[in-house]
Amino acid sequence: MNLGATPGWPVVLRDGAVLLRPYRRSDATAWSEVRCANHAWLAPWESSPPGRWDEMNSPAAFRWVHRDQRKQARSGESMPFAVCLVEAGRERLVGHLNLGNIVRRAFCSAYVGYWVDGRVAGRGVIPTAMALAVDHAFGPGGLHRIEVNIRPENGPSRRVVEKLGFREEAYHPRYMHIDGAWRDHIGYAMTSEEVIREGGLLARWHRLRAAAS
Ligand SMILES: CC(C)(COP(=O)(O)OP(=O)(O)OC[C@H]1O[C@@H](n2cnc3c(N)ncnc32)[C@H](O)[C@@H]1OP(=O)(O)O)[C@@H](O)C(=O)NCCC(=O)NCCS
1 MNLGATPGWP
11 VVLRDGAVLL
21 RPYRRSDATA
31 WSEVRCANHA
41 WLAPWESSPP
51 GRWDEMNSPA
61 AFRWVHRDQR
71 KQARSGESMP
81 FAVCLVEAGR
91 ERLVGHLNLG
101 NIVRRAFCSA
111 YVGYWVDGRV
121 AGRGVIPTAM
131 ALAVDHAFGP
141 GGLHRIEVNI
151 RPENGPSRRV
161 VEKLGFREEA
171 YHPRYMHIDG
181 AWRDHIGYAM
191 TSEEVIREGG
201 LLARWHRLRA
211 AAS
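Heads up, the sequence shown is in full-length UniProt numbering, so the first residue is 1 and it goes up one at a time.
Structure (structure tokens):
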């Protein structure tokens, strides 16, 4: 279904227990709970909030976040996914993945940002979400290149992209204002040619997991 300016949006994607879907207004309480419970886990990797964490992540704040997300998605600038786990028939919001800064024409590129609830970290939720989102971006989303920028100190996030086979291609000094200062970032990227012959990134991820188990 494509109701707006963004090819491939809105959409629901799923692999096993990991489900990606557009946010809903009714996510306010769950989003606030997971964001507040993960303050110490998320703050070192996020842009410094202009106010107190609990205020910036309250159910009331979600209304503004959601409005902004919808506006950007409608104008074709982003695809903001709620990352959910479906277990015992119950769906719960455990994270976020955004294909943002979408530029089309000769670039056809997007930046990816993500986080997951620390209580479910290490279960491969974000690599699975990333593989689903990248395959969607390279297919119905009509994109050609996906970029991820990560602080050198963020070992877990670097593991995510390195496991999936993103190329390390740049070092950006003082790239983004994160957790109170301008922080260096490593630039990783992938273009569609790099996974198409393998049947996509999800197929690659499944093979890697099977080989590791
Ligand atoms: C980076 C992040 C999204 C990874 O998501 P995930 O779903 O846990 O990804 P994985 O399960 O593949 O785990 C990635 C790595 O984290 C490490 N890890 C595993 N369990 C962990 C835990 N309980 N706590 C911290 N790190 C853990 C491991 O090194 C793992 O890699 P490996 O097991 O393949 O060696 C998650 O750690 C997170 O949300 N961190 C805080 C926010 C953030 O850094 N966002 C990204 C900014 S660029």
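For glycine and all other residues, C-beta sits at the position ideal for the given N, C-alpha and C.
Check your understanding: So who's on the other strand from ALA110, going by DSSP bridges?
Key -> ILE146
Check your understanding: Is it true that the CB of VAL34 sits closer than 7 Å to the CB of ASP117?
Key -> yes
Point to revise | Check whether TRP205 and PRO127 have beta carbons under 7 Å apart | key: yes
**Study point:** Assigned exposure category for GLY113 - 16 Cβ within 10 Å defines buried
**Key:** buried
Exercise for review: Would you mind working out which of ILE102, ARG174, ALA121, GLU168 sits nearest HIS144, comparing C-alpha positions?
Suggested key: ILE102
Review point. With burial defined as no fewer than 16 other Cβ atoms inside 10 Å of the residue's Cβ, what is the status of PRO44: buried or exposed?
Key: exposed
Check your understanding: Given a threshold of 16 other Cβ atoms within 10 Å of its Cβ, counted over all protein chains shown, does GLY16 qualify as buried or as exposed?
Key -> exposed
Review point. Can you tell me whether DSSP reads SER47 as helix, strand or coil?
Key: strand
Review point. What is the residue span of the alpha helix (DSSP H) that GLY165 lies within?
Key: Here GLY165 belongs to no alpha helix (DSSP H), and DSSP marks it neither H nor E.
Practice item. Starting from the N-terminal side, write out each stretch of the beta strand (DSSP E) that is 3 residues or longer and does not extend beyond the region 65-89. Key: 79-87
Exercise for review: From the DSSP output, read off the bridge partner residues of PRO22.
Suggested key: PHE81
Practice item. Confirm the yes/no value for this check: CB of SER157, any heavy atom of ligand 1, distance under 6 Å. Key: yes
Review point. According to DSSP, which residues form a beta bridge with ALA121?
Key: Per DSSP, none; premise fails for ALA121.
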